[in-house]
Structure formats: C-alpha cells, structure tokens
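To start, the structure itself, in structure tokens.
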C-alpha cells in the first residue's frame with residue numbers, strides 16, 4: 005500500500021506500532037522489568053503500548069492534520085462551487101485524502117490556467133490601448149495640422165482653404181468611424197446587442213451589397229459577381245441588418261485590397277442545416293503568418309497600405325463578433341499571388357433566441 009494513500013486510522017495505527025516497537029526494544033535492551041522473559045518484553049509491553057497510544061495518536065493526527073486539511077478542502081471546494089463533491093468526500097473518510105489530493109490538483113491546474121489567461125489578457129489590453137491611442141491620435145493630429153495651417157494664413161487663398169478643410173473633414177470622418185466601430189465592437193463583446201433574427205433571402209441581400217459597392221469597384225475595374233449556381237433564392241435565419249454589415253465589409257475589403265481589373269465572387273454552399281457564404285477575390289493574397297490574427301482589433305497586414313485605404317482596423321473584428329453572436333463561425337484562407345477567401349456560416353432553420 006502506498007504511504008500517501010493511508011487513511012486516518014491506518015496512519016494512527018502505524019504511529020502506534022512504531023512507538024510500541026521502539027519502546028519494547030528499548031525496554032528489552034535496558035532490562036527495566038525484572039523477572040520478565042524476553043518474549044514477555046516483546047509481546048506484552050508493545051501490545052500495551054499499542055492499545056494506549058492508538059487512541060492518542062488518532063486524536064492528535066485528526067486534530068492537527070486532518071481537521072486542518074478538511075478546512076482547506078472546504079475552502080477550495082467552496083470557491084470552485086463543488087458543494088456536492090465536498091459533502092460526499094467529508095462523509096466518506098476512506099476516500100477523503102484521495103479526494104483532497106485530486107481536488108487540490110484540479111484547483112492548482114485551474115489557477116495556473118487562469119493566471120496564464122490573465123497574463124494574455126494583460127498583454128492584449130496593453131496592445132489594444134496602444135493601438136487605440138495611435139488610431140485616434142493620427143486623424144486628430146492631421147485635422148489639427150490642417151486647421152492650424154489655415155489659421156496661420158491659409159484662409160486667404162480660397163483653393164488652399166477648400167483643400168485643407170476637405171482634408172480635415174476626411175480625418176474627422178475617419179475619427180468618427182473609429183469611435184462608431186469601437187462602440188459597436190464593445191456592444192458585441194459585452195453581449196448588449198440584441199439580434200433581430202428572421203428568415204430572409206441572402207441572395208437578394210448579396211445583390212443589394214453588390215449594387216452598393218459597384219461604384220467603388222468600377223474605380224478599379226473590379227467585377228463583382230454571384231456564382232452561377234448561387235443565383236436562386238436561399239433563405240437563412242439571421243439578423244439581416246448585421247449580416248448586411250458583414251457582407252459589405254468583406255466585399256469592400258476585396259475591392260480595396262484587390263488588383264485592378266480583378267474579380268470578386270460571392271458563392272453559397274449548403275452544409276447540412278447551414279449555408280456557407282464565401283467572398284473570394286483574385287488579389288495579392290495574405291501570408292500564412294498573418295491569417296491567425298486577421299480578426300484581431302486593429303491588426304493590419306500592411307499598416308501603411310491599410311490606413312491609406314481609410315479603414316479603421318476594426319472591420320474584421322466586428323464581422324467575427326457578429327457571426328459568433330449568431331453562434332456561427334467565420335474563417336479565412338489565402339494564397340499569395342492567388343487570392344483570398346473569407347467565409348462564414350448561417351443557419352437555414354429557426355433557432356431558439
């Protein structure tokens with residue numbers, strides 16, 4: 005039997021046996037009891053000592069060790085909400101120490117996981133604050149610079165006046181977009197946004213998005229098409245307004261980062277009781293090392309190029325939260341010099357709200 009699995013009575017008995025054996029040998033060696041045989045020393049006296057020391061050992065082991073362990077176990081169990089396990093373990097003394105050992109191990113593992121998670125969150129928080137500060141600072145300082153230039157004498161020239169005011173306006177619009185996206189993102193992260201889920205035709209919504217993005221696409225001569233096998237009516241159960249936001253963002257990205265004279269395709273694929281929607285382009289593609297972080301807030305593959313397109317760096321993060329709010333998944337795959345495909349699923353049947 006492993007010593008670490010000994011029960012309270014077994015520990016007490018082991019202590020008593022040790023005391024009795026050592027005492028018996030000591031008495032025999034000292035010949036302290038006249039007229040007694042060696043056998044009497046080795047049998048009677050250890051037996052007497054065993055009987056007398058067992059209850060004493062049991063009492064003190066329970067008082068100074070087991071009761072304190074029970075208190076620790078109660079604290080661990082209470083904090084983890086393991087009331088049923090705690091009560092059953094305390095009632096069954098034979099399994100108590102083993103239960104304590106298992107519980108403390110689980111507790112230690114969970115705390116280590118929590119500490120690692122907190123460290124990751126702290127790193128993420130610092131990175132997020134740094135990114136927010138930079139993203140907000142850039143349009144503010146730009147607008148401030150243009151306005152100060154006008155105040156320093158630029159207002160006398162009408163052309164310079166209009167040019168700088170337009171630039172200041174664009175930067176303030178960018179600032180407003182960042183704030184709006186941050187508010188929207190916060191609403192999703194705090195689950196404060198209520199989805200208005202209903203059945204609607206995703207094909208019709210996609211055609212609407214294509215019409216809205218047609219002007220931007222025409223500037224780069226990019227063709228926006230729905231795949232031939234996806235042209236008929238398809239019903240999904242989701243929040244139409246928010247899915248419109250997702251589709252618009254994905255199509256808009258394919259245009260902004262796509263090649264001139266390029267192509268953006270939107271396709272639909274049935275996957276059991278879900279519909280997979282994919283937006284594909286034949287643009288420059290994205291390196292593998294960036295794919296895992298694309299849906300992070302303010303993450304950019306090419307920061308200078310991304311800001312040049314006027315994005316807030318929050319679009320894909322918002323898309324991810326919208327899709328996940330529907331209890332669905334969004335993904336990306338890409339190959340350099342081939343193109344990129346973003347896809348997400350939606351349910352084709354009504355779900356419980």
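In the numbering used here, the protein residues as written are 5 to 357. For each residue, glycine too, the CB sits at the ideal point set by N, CA and C. Computed from a predicted model, the values in this text were never measured in an experiment.
Taking 9 Å as the cut-off, the beta carbon of residue 330 is found closer than this to the beta carbon of residue 350. Under DSSP, residue 273 takes part in a beta bridge, and its partners are 280. If the five residues before and after residue 338 are omitted, its C-beta is found closer than 6 Å to the C-beta atoms of 289, 290, 344, all from its own chain and listed in chain order.
Along the length of the region 225-265, whole alpha helix (DSSP H) runs at least 4 residues long occupy 244-260, reported in chain order.
For the set 194, 152, 246, the Cα lying nearest the Cα of residue 165 is the one of 152. Annotated three-state conformation of residue 185 is helix, per DSSP.
Taking residue 333 as the centre and dropping the five residues before and after it, the same chain places the C-beta of 327, 348, 349 closer than 8 Å to its C-beta, in chain order.
Apart from the 5 residues on each side of it in sequence, residue 203 sits with its Cβ closer than 6 Å to the Cβ of 239, 241 in its chain, given in chain order.
Assignment of beta-bridge partners to residue 319 by DSSP yields no partner.
Taking the Cβ atoms as the reference, residue 209 lies roughly 7 Å from residue 244, within the contact range of under 8 Å.
Within the same chain, and ignoring the five residues on either side of residue 295 in sequence, the residues whose Cβ sits closer than 7 Å to its Cβ are 336, 338. Residue 198 carries a coil assignment under DSSP once its states are collapsed to helix, strand and coil.
By the neighbour-count criterion, in which a residue is buried when 16 or more other Cβ atoms sit within 10 angstroms of its Cβ, residue 275 is exposed.
Around the beta-carbon of residue 217, 16 or more other beta-carbon atoms lie within 10 Å, marking it buried.
Taking residue 264 as the centre and dropping the five residues before and after it, the same chain places the C-beta of 224, 225 closer than 7 Å to its C-beta, in chain order. Pairing residue 170 with residue 159, the inter-Cα distance amounts to about 13 Å.
Distance between residue 138 and residue 212, taken at the CA atoms: about 35 Å. Judged by their CB atoms, residue 320 and residue 256 are not nearer to each other than the 9 Å cut-off. When C-alpha distances from residue 172 are compared across 150, 111, 189, the shortest belongs to 150. Here DSSP, grouped into helix, strand and coil, assigns residue 206 to helix. Contact annotation: residue 317 and residue 302 have beta-carbon atoms nearer than 9 Å.
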